[in-house]
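Notes to accompany the following structure.
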Amino acid sequence: MALTVSELTIHHGAICAINNVSFTVPQGQLTAVIGANGAGKTTLLRALSGLNKSTHGHATWNAHNLLHSKPESIVRHGVSHVSEGKAVIPELTVNENLELGAIWRKNKRETRETKDQITSIFPRLGERLNQRTDTLSGGERQMLAIGRALMSKPQLLLLDEPSLGLAPLVVEQIFQTIRDLTTTMGLTVVLVEQNAMGALKIADNGIVLNLGKVAVTGTAQSLIADPQVRAAYLGY
Amino acid sequence: MSSKARRTLLIVQAVIAVGALSLSALPAQALSPRQEVGVTSSAIKLGITLPMKGSASFGYNQLPDAMKAYFSYVNANGGVNGRKVTLVVKDDGYLPKQAIQNTQDLIGKDKVFAMVGALGTANNQAVADAVNLGRRGIPSLFINTGFSGFNNRSAYPTSSTLLPSYIMEAKMISKYVKETYADKKICLLYQDDDFGDDALVGFDKDHGNLTFTSKIAYPSLSQGVAGVPDSWVTKFKAAGCEVQIVFGVSTATLYFVMGAAKAQYGPKWILGSVGADVASINPATIPYIIGATSMSFLPSVVDPKDEYVAKFKEIHATYNSKAKFNSWALIGMNAAFLTVQALKAGGKKLTRASLLAALDSDGAKFANAGLVPLNYSKTSNVGYNGYWFGKFNSAGDLVPNDTFTYTVYTTDSGTGAVEKSSYSRPSMPAKGLPN
Amino acid sequence: MHKVKTLRFKTGIGFFLIGLCVFFLSNVVDEWRAFQGATVAVYVVAIASIILLTGYSGQISLGHGALLGIGAYAAALAQIYAHLPIWLCFVTAVLVTAIFGALLGVAAARLSGPYLAGTTLALAVGLPSIASQFSILGGEQGISFNVGWPPLSLGADFTQYKWFFWIATIAALIMMWFLQNILSSRYGRMWRAVKSNSVAAELAGIGIGSSKVLAFTISSGVAGLAGALLAMTTNNVSPSVFPLALSFSLATGAVLSGVNTLGGVMIGSLALVAIPEIASSASNLWSESENTAMILPELIVSALLILTVFLAPKGPIEKLRARHRH
Amino acid sequence: MFQFINTLLIGITAGSIYSLMAIAIVLVWRSTRVINFAQGGLALASSFVGASILAQQISFWIALPIAMIAGALFSALTEYFLLRPLLKRSGDKGEEIFLPIIATLGLLGIIKTILNFTYGDRIGSIPPPISDKGFVVGGQVIALSPMRILILGIVLFLMVLLTFLFQRTNLGLALRASSYSPEISRLAGVRVDVIRTAGWAISGAAGAAAGILQTTNGSGAISPESFEFSLLLVFGFVAAVIGGIESLIGAVLGGLTLGVILAFILMYIGGSLVFFSAFLILIVILIVRPHGIIGVKGGRRA
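Shown next as structure tokens:
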């Protein structure tokens, strides 16, 4: 049970967004993928959830081939993707956004249990179940996006820039929640972040992408300690 | 895209266009110029434009097949002076613009000898105006409209109408209504164009002198809008109408009688000649028009003792067996029958001019099924000038009475009186073929 | 600046050459082809006005037929009531339709996508119907617009259709020259900027609303000319000259030409005239049935439309160019 | 007063049929951001299916659902074979709503050709299944008959059914979610392609119902070149736009608004302005509210 990516290459037309990337994310661990703007972080994540087509390479989760599958079938194999920018549907209510995450699950009782679990993790969502989502604050929306992803009972959670556009206090809160989720629910998490320091602080491992290639990998602590990484990505 | 590239493209396209147009022009150039257009030693080509598809086409679209059936019969029996008659049909969807286009096509591209039986007031007006048949010497025979404006011999030197004018019709209806329904409240629905306006003239003080309790003009095609027929019924009902005259096309008539049935509006119906025959469009509507009054210049299509009806029915059964022999078939075959006589009278050296001259000199004497005289002469291009009145029976056919005895009225488009006619028509030539 | 002038000069020569070709052409073809040629030229103007609006300024019109109608009525009324010379009737058509287009454009500039499509569609259905409301417009059978017979100086056997052909072609050439110039001017660049990225254009100081209204106004003026020319070829201005089907077939012509480039306008125009003709000859070959002859053209046009949309969504010109690049 | 009430009833009946058509248009728009100009043609084809069943002496109550199923099928096939490959090719950008409009216009031509070949100038007949004679109230016949009550009932029933479907079922949630954000929906496990086809199918069924009811309310007859169905499409589209193109409730309000205003214009001003009025109503509403009665200003990109 691990996410294995090997020799993954993705072209956007003539541009090579991901170039021969290989890594492994061990089960139950939180791996942060950091790198500059345009390093290919989002492309990588979108390929894993089936939104982008890959040119070459392999990616498997639980012996399930993630490439060449559609997003709607990948989610059925326990992989949930929270895409960039508060991935909620503002026209729907909070409850409907959550229900949407479990729409393919047949067992309604289990679904209800999952929802109860999520509203206990995010009590703010529980209070606002019947409100339209566009009445929520930015942080609440991000929580709802994560909650929606959790509704499909994933084992692998792909998070794309959950801190984007949020106030520092809220960011801290979100990161803490992600860390807690990983531990309490036994999730495997890939966290793509611009906010490298914040991400590495909660992560077990880190991968640094540069211009579509893996520049450095290692434990989160070792990356924080790496002077080159510090200089290039952590800003001190 | 750079300007240069664009320019090059434009030039290339122009060259393509030049090539395409001149290539397609070659066969046209090869035609010999001396021959009269549309006539060879073995064939005569005629053209017709009328609605063949769409809401306005019901009934009318049965005319060409009936005409062709008679032409086929004539062709099978030696043709007209050895020439086979063909008819090119074009659909104009009852749109004046399309009628213009079709007529231009028929004359310019198909190169027909003459137009025959073109249909519709607005259409024929637009065509006469735009294509300028008169100046070009192109005959347009037996136009299927009753608009009196066409009966101006100097304005339309090459056109001739077939139907009694709407002014005549309105005058005769006025007389009929005043005699049959004296002191009743009379109401009128009419189409808001020259068709209806012509009728208004016929009803006015100087002509029919009929006064209406209420009258509504509807624009062409608006009858298809939900609620429009309901609004007519509501207004007429509110006015307390007892006799309802309808001067509209058949779809409008159809919508009106159905809407009236829904609102239980039950006046005495008088359905104008143009739109009355809704039953042959949709047999399901027969119950709505049983007992309604209408008029015709041809014998009833179910008349058991009429020699023309019998012969036409027989020819129709052979040459247009798929279609039902109804009033439209009768109208179509009668028009074709007249056309063949005109072509024959035009002589062995048939030209457009000889055809028109023949119609002027012999037209009034042509044999035909009509119970009303034809009025073609050097000074008149008017066809029939009268009607008999009858009612629709339970099968949806218009009959004068149980014994099929017709009382025929005739009049003119001016202020002349409406008179009972003593006209007796020429008898049917042997085998239904003109001499 | 100098370069632009030479370019315009060269373009002018190009158009002059096309005109010359057409002049020679008009002497070879028979009367009927001349009439069809005139129709092609009318469609060139009409389709160009749609391409200008949709391809360059990104607005949709499903109601251009109605704008053509306004131009036609304006020209006819100018002739009947003001007794203006023919060329001034055409100018009147352009101006009146442009003014109407400006008013409509003010409303249109506020509307996007389906709202604009709906409004222009309702215009196409609604506007022609007012003709029967005002007797001055002549009701269903309409009024006549008669450009008269060709001047005698052109020769005795100069037919009326050839005269139509000349007028329509000259008008089309002038319009195309005008449109090409305006598209390479700053207005053309402005429209393209607004179409490709309205936010960026607004930041660059382009008034989006006024840019759209201007495009609508010019497009309408051009459409008005097309309407007057169309009325000339039928000698008649009536609601049935401008039915909803006309708006649709102009949109069709625009797609067949390629909505994004003015350069292909000839293709769509030729197609609109040629396809029904080819279809009817084809159906005459295959079967004797009247029904087939009437139905087949529509089938061919429809099938061609779907094929174009699939195989060359940006139009045949772009398709050719893309092939050359590879 | 009596005339006023009658006008209102006439308008509501006509408007409810426009509403159904508007709903059909809205559903297609929400599923794929496409305006389907073949909608009228599809409704006509489905109505012909209904008419052929009725011609076999089979009950209206069987013919109506079968026609609706046929409509759903035709519409789903259109989405699957025409729109899906087209949208895949042109991508999200490109010629936006123009190309699909042209493609559906092409389809309309093909449908009409097929109907013309199959039926020629024959007429399909859909007579009212129950009495269409108006009720008598206080000695006056009002513009409300059992048949009209039935029409209103069917429209109301379908609206309630659709509202329930959209608000209370997973299919409805998937339909709404896919229309607002296909990407998030796919990530949540919604098979958006299938859902879009389903949206078109429901739209086709609504269109078929509109076609059949329109015919029974009108002349009871249909022909391959029916002008009434072109009008149904245009008025349905106008109603959908008035209602804000995105919203089912908007479509209903738009249809009723259009139907009632037109009925009053017909009754008190006259028939000659009926087509132009539709344009005026639309433009007045859009000048006041550029995104329709229900549309959200500055909302989703239209």
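These protein sequence lines map, in sequence, to chains A, B, C and D.
Start counting at 1 in the first sequence, then tack on 79, and there's your number in my numbering.
Start counting at 1 in the second sequence, then tack on 262, and there's your number in my numbering.
Start counting at 1 in the third sequence, then tack on 23, and there's your number in my numbering.
Start counting at 1 in the fourth sequence, then tack on 880, and there's your number in my numbering.
Note that the Cβ used here is the ideal one computed from N, Cα and C, for glycine as well.
Element boundaries [beta strand (DSSP E), containing residue i]
i, result
"residue 643 of chain B", "643 to 646"
"residue 286 of chain A", "284 to 289"
"residue 214 of chain C", "Note, residue 214 of chain C: premise wrong, no beta strand (DSSP E); alpha helix (DSSP H) at 209 to 219."
"residue 377 of chain B", "376 to 378"
"residue 114 of chain A", "109 to 114"
"residue 237 of chain A", "235 to 239"
Chain B contact for residue i (CB, 8 Å cutoff)
i, result
"residue 940 of chain D", "no"
"residue 1047 of chain D", "no"
"residue 1026 of chain D", "no"
"residue 330 of chain C", "no"
"residue 1116 of chain D", "no"
"residue 1172 of chain D", "no"
"residue 258 of chain C", "yes"
Cβ of residue i within 8 Å of any chain C Cβ
i, result
"residue 924 of chain D", "no"
"residue 362 of chain B", "yes"
"residue 447 of chain B", "no"
"residue 1019 of chain D", "no"
"residue 346 of chain B", "no"
"residue 737 of chain B", "Because chain B spans 263 through 697 in this model, residue 737 of chain B falls outside it and cannot be assessed."
Boundaries of the alpha helix (DSSP H) in which residue i is found, first to last residue
i, result
"residue 168 of chain C", "First-last for residue 168 of chain C: undefined, no H or E at that position."
"residue 274 of chain C", "267 to 280"
"residue 460 of chain B", "456 to 465"
"residue 430 of chain B", "428 to 442"
"residue 280 of chain A", "275 to 281"
"residue 404 of chain B", "Not the alpha helix (DSSP H): residue 404 of chain B falls in the beta strand (DSSP E), residues 402 to 405."
CB contact below 8 Å: residue i versus chain D
i, result
"residue 300 of chain C", "no"
"residue 285 of chain A", "no"
"residue 166 of chain A", "yes"
"residue 221 of chain A", "no"
Distance cut-off 7 Å: residue i Cβ against heavy atoms of the ligand MG
i, result
"residue 522 of chain B", "With respect to small molecules bound, the structure shown includes none, and the ligand MG cannot be examined in it."
Residue-chain proximity (residue i, chain A), Cβ-Cβ < 8 Å
i, result
"residue 975 of chain D", "Since pLDDT at residue 975 of chain D reaches only 49, below the 50 mark, its modelled position is unreliable, and no value is offered."
Listed from N- to C-terminal order along the chain, which residues in the segment 210 to 228 of chain C have their beta-carbon within a distance smaller than 9 Å of any beta-carbon of chain D?
-> none
Any chance you could list the alpha helix (DSSP H) runs of at least 4 consecutive residues sitting entirely within the segment 576 to 609 of chain B, in chain order?
-> 589 to 607
Selection of the segment 1048 to 1072 of chain D by Cβ proximity to chain A, strictly under 8 Å = Hits within the stretch, in order: 1050, 1053, 1054, 1056, 1057, 1060, 1061, 1063, 1064, 1065, 1066, 1067, 1068, 1069, 1070, 1071, 1072.
Which residues, in order along the segment 154 to 178 of chain C, keep a beta-carbon less than 7 Å from a beta-carbon of chain B?
-> 155, 162, 163, 164, 165, 167
Interface positions of the segment 532 to 552 of chain B facing chain D (Cβ-Cβ less than 9 Å), listed along the chain = 543, 544, 545, 546, 547
Give, in chain order, every unbroken run of the alpha helix (DSSP H) that is at least 4 residues long and sits entirely within the segment 495 to 581 of chain B.
-> 512 to 524, 548 to 551, 569 to 581
Specify whether the segment 162 to 176 of chain C and the segment 97 to 109 of chain C touch according to this definition: at least 3 beta carbon pairs, one from each stretch, less than 8 Å apart.
-> yes
Check each residue of the segment 1138 to 1158 of chain D: if its Cβ is closer than 8 Å to any Cβ of chain C, include it; give the result in chain order.
-> 1152, 1153, 1154, 1155, 1156, 1157, 1158
Is the number of C-beta pairs between the segment 1074 to 1091 of chain D and the segment 942 to 955 of chain D that are closer than 8 Å three or more?
-> yes
Listed in chain order, which residues of the segment 169 to 183 of chain A have Cβ atoms closer than 9 Å to some Cβ of chain D?
-> 169, 170, 171, 175, 176, 178, 179, 180, 181, 182, 183
For the segment 132 to 158 of chain A, enumerate the residues whose C-beta is nearer than 9 Å to any C-beta of chain D, in chain order.
-> 149, 150, 151, 152, 153, 154, 155
Indicate whether the contact test is met: 3 or more Cβ pairs, each with one atom in the segment 473 to 483 of chain B and one in the segment 492 to 512 of chain B, closer than 8 Å.
-> yes
Contact between the segment 159 to 175 of chain A and the segment 211 to 226 of chain A: three or more CB pairs below 8 Å?
-> yes
Report yes or no: do the segment 179 to 188 of chain C and the segment 53 to 62 of chain C share at least 3 C-beta pairs separated by less than 8 Å?
-> yes
Can you check the segment 1019 to 1047 of chain D for any alpha helix (DSSP H) of at least 4 residues that lies completely inside it and give the ranges in chain order?
-> Note on the segment 1019 to 1047 of chain D: there is no whole alpha helix (DSSP H) run with a minimum of 4 residues.
Does the segment 125 to 142 of chain C come close enough to the segment 272 to 286 of chain C to have 3 or more Cβ pairs within less than 8 Å?
-> no
Mind checking the segment 122 to 145 of chain C against chain D and listing, in chain order, the residues whose C-beta falls within less than 7 Å of any C-beta there?
-> The segment 122 to 145 of chain C vs chain D, Cβ under 7 Å: 130, 133, 134, 135, 136, 137, 138, 140, 141, 142, 144, 145.
Fully enclosed by the segment 1084 to 1112 of chain D, which alpha helix (DSSP H) runs are 4 residues long or longer?
-> none
Which residues, in chain order, does the segment 1084 to 1111 of chain D contribute to contact with chain B at a C-beta distance below 8 Å?
-> Listed in sequence order: 1094, 1097, 1098, 1099, 1100, 1101, 1103, 1104, 1105, 1106, 1107, 1108, 1111.
Members of the segment 458 to 482 of chain B near chain C, C-beta cut-off 7 Å | 481, 482
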